[in-house]
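Numbering (my numbering), first residue to last: 90 to 226.
Heads up, the beta-carbon is just placed ideally off N, CA and C, and yes, glycines get one too.
Everything below concerns the one structure shown next.
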């Protein structure tokens, strides 16, 4: 954990956090001497559902930064994420699993929006092509 105090504002950066359901989310380049950036499922807001393709209201992301920002009486628990999107609008699922690609879109979200860890498997014979393993959790 790293902490900076900027005139009554405290910024803490974490390498891992435990979310509401007890699962750990990791964002570190030194987890047992390996990079570890958790893939997550995020429930979309009802108002945003029509703007994105989703897996029954769930979108997939990869987490790169976990932070807590304290501004006087307000506390924000935030995550910097990179979006996965469906690889093809024609073939959304392979073998019952979402077929994804990693995009160049980054956002900051509330950590409370994270619903679960997900197991995303690269298709080694394809470029930027992934499947969500829905059968492991």
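Return the chain-ordered list of same chain residues with a C-beta closer than 7 Å to the C-beta of residue i, the five sequence neighbours on each side being excluded.
{"i": "residue 132", "result": "146, 147, 202 and 204"}
Where does residue i land, buried or exposed, given buried means 16+ other C-beta within 10 angstroms?
{"i": "residue 211", "result": "exposed"}
{"i": "residue 192", "result": "exposed"}
{"i": "residue 219", "result": "buried"}
{"i": "residue 107", "result": "exposed"}
{"i": "residue 162", "result": "exposed"}
{"i": "residue 41", "result": "Residue 41 is absent from the model: the chain starts at 90 and stops at 226."}
{"i": "residue 121", "result": "exposed"}
Closest by CA to residue i, which one among the options?
{"i": "residue 187", "options": "209, 194, 151 and 120", "result": "209"}
{"i": "residue 215", "options": "169, 223, 224 and 176", "result": "176"}
{"i": "residue 189", "options": "197, 195, 180 and 155", "result": "180"}
{"i": "residue 183", "options": "134, 223 and 200", "result": "223"}
{"i": "residue 174", "options": "123, 157 and 151", "result": "151"}
{"i": "residue 194", "options": "134, 123, 160 and 153", "result": "153"}
{"i": "residue 130", "options": "124, 164, 170 and 136", "result": "170"}
Provide the residue(s) that pair with residue i in DSSP beta bridges, ordered along the chain.
{"i": "residue 202", "result": "None, per the DSSP bridge assignment."}
{"i": "residue 144", "result": "147"}
{"i": "residue 123", "result": "120"}
{"i": "residue 136", "result": "For residue 136, which the question treats as bridged, DSSP gives no partner whatsoever."}
{"i": "residue 171", "result": "151 and 195"}
{"i": "residue 105", "result": "115"}
Leaving out five residues before and five after residue i in sequence, what residues of the same chain have Cβ atoms less than 6 Å from its Cβ?
{"i": "residue 105", "result": "113 and 115"}
{"i": "residue 128", "result": "151, 207 and 209"}
{"i": "residue 167", "result": "156 and 197"}
Could you name the residues of the same chain whose beta carbon sits closer than 8 Å to that of residue i, not counting the 5 residues immediately before and after it, in chain order?
{"i": "residue 227", "result": "The shown model of the chain, from 90 to 226, leaves out residue 227, and the question about it has no answer."}
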